[in-house]
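Peer 1: I am attaching a structure below and will ask some questions about it afterwards.
Number of protein chains: 2
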Amino acid sequence: MKVGILGGGQLARMIALAGYPLGLNFIFLDPSVSACATTLGRHLHGDYHDEYLLAELAKRADVVTYEFENVPANVAEFLAARTQVYPSPKALQIAQDRLLEKEFLNELGIPTASYATVDSWESLQSAMETIGYPAILKTRTQGYDGRGQSVLKSAADLKASWQKLNGLPSIAEGFVNFNREVSIVAVRSVSGELAFYPLSENVHRGGILRLSESRENDVMQAKAEDYATRLMTALEYVGVLALELFEVDGELVANEFAPRVHNSGHWTIEGAETSQFENHLRAILDLSLGSTAAIGKVAMVNFIGGKPESEQVLKIQNAHLHLYAKASRKGRKVAHATVHAATTEELEPLKKRLIMLANDVDDS
Amino acid sequence: MKVGILGGGQLARMIALAGYPLGLNFIFLDPSVSACATTLGRHLHGDYHDEYLLAELAKRADVVTYEFENVPANVAEFLAARTQVYPSPKALQIAQDRLLEKEFLNELGIPTASYATVDSWESLQSAMETIGYPAILKTRTQGYDGRGQSVLKSAADLKASWQKLNGLPSIAEGFVNFNREVSIVAVRSVSGELAFYPLSENVHRGGILRLSESRENDVMQAKAEDYATRLMTALEYVGVLALELFEVDGELVANEFAPRVHNSGHWTIEGAETSQFENHLRAILDLSLGSTAAIGKVAMVNFIGGKPESEQVLKIQNAHLHLYAKASRKGRKVAHATVHAATTEELEPLKKRLIMLANDVDDS
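These protein sequence lines are chains L and V, in that order. Reading the first sequence from the start, the letters are residues 88 to 451 in my numbering. Reading the second sequence from the start, the letters are residues 88 to 451 in my numbering.
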């Protein structure tokens, strides 16, 4: 059985590593000659819009999936006309447009920040009258890891932020004064089987995820599962999905969802009975899902911009290193590591050591 | 960093899967065009004796290791003269010859079955006078998974067994009336750091391993660690080593050792903080070893001759499948699976289901 993946970065790499023991082969379409997953399978090297390559991918793969959501709708539809594609083009289309995403979430009764469409200088001004300061201005599409965003603290920021948008269709979002950030990694199979990982508690800085911790039996687990269920059911979703949430005074407010395996679920490799990567494959191949039960407590840190010496990580008790075989570059995720322990008390000092290593290499 | 492996079978495959997250690349020398590890790296396709390929392997790899012990001494020495090779040619040389192996173990004070050299019809007869019936006749070299062995129940079996040997240098071994079979998977790094996994309790049938279970806090753990320490220290061993033992009335008797990752340690992928495959790599790269602590209870079964439908395995709670991407063939190990649980009581029914699946496909 051959799985095709649009994209050959670290998410594709970790999917493939999880897929080998299931006897799967992989084919990646990626424009970078050094895409880090491609040593694990065949590499179709070229543009995501190249119809010859897309047709090759559809022909050679029994099922196609992707590692990022910014796939043009016509690409997803081109593939879906030729082979099984999971998740569906519809899930992609909604997830890649912040306006459609917020509308979709609200229609399902999942609360979000207040928001308004911005497509002109006038609409920006009237949006800010409704939403008030502080707010965040975001392009509707192509945003990830904090790109395409600017913070509006007061009316004085309006002009510069508007110019930065360069006329791109955008939304203004009310600032959410959250107690903490969490996410739920959920999975739904072709047959409709559902499974949910324990919540991840996340810390972002500069719009980029820095730290995730598994939170077994979190008070917000049931509500997060309810929201993820509504979302996946409405989308007839197949595969892993991550829903990012803010906790605000005991309520959950959705930030966004990613129709793919997610950085805040990397801890599942060591900290859950079955990893998010394996369960994504099981879901799209219509196999029974693996248990999502937590195994102890885990914390994950990202290494951004550079990576430490392997030995610096490996000498930490119960640390697990995941290098992505990517060259260091400012602001780029090049590796992550986890620490694993039986209790939160044992985890804490190990986590601190990992965070120090991450801070040492971080250039962002 | 590039790791060279002599052999491209399932052990090499699982080493490579453990090595990718450490940022390692792999190169395999294997005579089979379809060797199942070779999709995970570069494949030098040809004979193990081919000096051109061996020189290529030594040149391209920063360190060379192997997945089986039946490497001719001159091959190991050829490589060792050109690059780092772990474990050393000496460990190979002893492990691949049952006579040298037994002598070496006994010199270290590690008990073995009684044995005698057999190199002629006369020496076989006199050996049997010393050892008595029942006994096992084994070729000194090239034996694995029960090959090159025959059981001598009485003097009536002597002639046929002798003819089967075809004049190959052999040993006769006294039959060990054991209570159970165990093995210890141990690891020693370039720097001399030692670590030991919890004992594996094993069941063989027809000379082939069928079932292994992790045994945390086994009464025999300390003695097994002592023997493994003696062995690895005397050999200045680097890498993972498995010592197979019989328990006989509260004592341990060594059967043989394997200078490599071992089938009875496959459960460490799900059942230990760090797998034997990762620790083998950490040992030969002189990195700190990972924790060998058990995570719950695990049982592993081999699928021999054929494999079940993936779904049959994956629908068992907490089951983990490992397909080797090898064609089915009589007596061939083509996959294994583990089940994992918090307690032995929870493990037992899951284990039974796996064993039934293994029995269904088993053709040996």
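Cβ atoms here follow ideal geometry from the backbone N, Cα and C, with glycine treated the same way.
#1: So, is K402 (chain L) buried or exposed, given that buried needs 16 or more other C-beta atoms within 10 angstroms?
#2: Could you give the C-beta distance for E398 (chain L) and S375 (chain V), rounded to a whole number, given that I count them as a contact under 8 Å?
#3: For V274 (chain L), does the count of other Cβ atoms within 10 angstroms reach 16, so buried, or fall short, so exposed?
#4: Under 8 Å between beta-carbons, which chain B residues line up against Q404 (chain L)? List them in chain order, please.
#5: Using a Cβ cut-off of 7 Å (strictly closer), state whether N412 (chain L) contacts chain V.
#6: By Cβ distance below 6 Å, which residues in the same chain neighbour A290 (chain L) in space, the five residues on each side in sequence not counted?
#7: Please classify D117 (chain V): does DSSP put it in a helix, a strand, or coil?
#8: Is the beta carbon of Y173 (chain L) closer than 7 Å to that of I295 (chain L)?
#9: Are the CB atoms of F113 (chain L) and V150 (chain L) within a distance shorter than 7 Å?
#10: Interface residues of chain V around L401 (chain L) at Cβ under 9 Å?
#11: Could you work out which residues of chain L lie near E398 (chain V), taking near to mean beta carbons separated by less than 7 Å?
#12: What ranges does the beta strand (DSSP E) occupy inside the segment 187-275 of chain V, keeping only unbroken runs of at least 3 residues that lie completely in it?
#13: Tell me whether the beta-carbon of A386 (chain V) lies closer than 7 Å to the beta-carbon of V426 (chain V).
#14: Taking only beta-carbon positions, decide if E360 (chain V) is within less than 7 Å of chain L.
#15: Given this structure, state the Cα-to-Cα distance separating R100 (chain L) from S119 (chain V), to the nearest angstrom.
#16: Taking the alpha carbon of G377 (chain V) as the point to measure from, which residue in L:H407, L:L131 and L:R416 has its own alpha carbon closest?
#17: Distance, Cα to Cα, Y202 (chain V) vs A341 (chain V)?
#18: Within the continuous beta strand (DSSP E) that includes V340 (chain L), where are the two ends?
#19: Just to confirm the assignment, what range does the beta strand (DSSP E) spanning L109 (chain L) have?
#20: Quick test of the definition: if touching needs 3 or more C-beta pairs under 8 Å, does the segment 233-242 of chain V touch the segment 332-339 of chain V?
#21: Compute the beta-carbon to beta-carbon distance between G219 (chain V) and G254 (chain V), rounded to the nearest angstrom, for a pair I have assumed lies under 8 Å.
#22: Could you spell out the range, first to last residue, of the alpha helix (DSSP H) harbouring A178 (chain L)?
#23: If I follow the unbroken alpha helix (DSSP H) through V388 (chain V), where does it start and stop?
#24: Which of the three DSSP states, helix, strand or coil, is assigned to Q399 (chain L)?
#25: Per DSSP, I295 (chain L) is paired with what?
#26: Going by CA-CA distance only, name the one from V:A445, V:L104, V:K177 and V:A124 that's closest to A321 (chain V).
#27: What in chain L is Cβ-close to H132 (chain V), meaning under 9 Å?
#28: Start and end of the alpha helix (DSSP H) containing R129 (chain L)?
#29: Got a sec: is the Cβ-Cβ distance from H409 (chain L) to anything in chain V below 7 Å?
#30: When you compare the CB positions of E156 (chain V) and L179 (chain V), do they come within less than 7 Å of one another, or not?
#31: Nearest by alpha-carbon distance to L505 (chain V): which of V:E433, V:N405, V:E396 and V:T431 is it?
#32: In the DSSP assignment, what residue or residues form a beta bridge with I92 (chain L)?
#33: Thinking C123 (chain L) and G96 (chain L) are a contact (beta carbons under 8 Å), I'd like their distance in whole angstroms, please.
#34: Put R302 (chain L) into one of helix, strand or coil per three-state DSSP.
#35: Got a sec? Which residues, its chain only, sit under 8 Å from D450 (chain V) by beta carbon, not counting five neighbours each side?
#36: Taking C-alpha atoms, which residue in L:A214, L:K225, L:L330 and L:A200 lies nearest to D184 (chain L)?
Peer 2: So, to answer that:
#1: Answer is exposed; the Cβ neighbour count stays below 16.
#2: 6 Å
#3: buried
#4: Within the model displayed, chain B is absent; protein chains L and V are what it includes.
#5: The amino acid occupying residue 412 (chain L) in the given sequence is Ala; Asn does not appear at that position. Yes, its Cβ sits closer than 7 Å to a Cβ of chain V.
#6: Before going further, note that residue 290 (chain L) is Val rather than Ala in the sequence given. Excluding positions up to five away in sequence, the list reads R297 and L298.
#7: strand
#8: no
#9: No, the pair does not count as a contact, with Cβ atoms beyond the cut-off.
#10: Chain V residues near L401 (chain L): L109, R369, L374, S375, L376 and G377.
#11: Think of a sphere of 7 Å around the beta carbon of E398 (chain V): the chain L residues whose beta carbon falls inside it are L374 and S375, in chain order.
#12: 202-205, 222-226, 236-239, 257-261 and 267-275
#13: yes
#14: yes
#15: 26 Å
#16: The alpha carbon of G377 (chain V) has as its nearest neighbour, out of L:H407, L:L131 and L:R416, the alpha carbon of L:H407.
#17: One C-alpha to the other measures close to 12 Å.
#18: E338 to A345
#19: L109 (chain L) -> no beta strand (DSSP E), and no H or E assigned at all.
#20: With the cut-off at 8 Å, the segment 233-242 of chain V and the segment 332-339 of chain V do not touch.
#21: G219 (chain V) to G254 (chain V), Cβ: 24 Å. No contact.
#22: P176 to A182
#23: Where V388 (chain V) is concerned, there is no enclosing alpha helix (DSSP H), although the beta strand (DSSP E) it sits in stretches over K384 to I391.
#24: helix
#25: L:R292
#26: V:K177
#27: Under the 9 Å cutoff, chain L gives no residues; its nearest Cβ is about 18 Å from H132 (chain V).
#28: For R129 (chain L), no alpha helix (DSSP H) run applies; the uninterrupted beta strand (DSSP E) run containing it begins and ends at R129 to H132, by DSSP.
#29: yes
#30: A distance below 7 Å separates the beta carbons of E156 (chain V) and L179 (chain V).
#31: Since the first residue of chain V shown is 88 and the last is 451, residue 505 (chain V) is not available in this structure.
#32: L:F115 and L:T152
#33: 6 Å
#34: strand
#35: I391, G392, G393, K417 and G418
#36: L:K225
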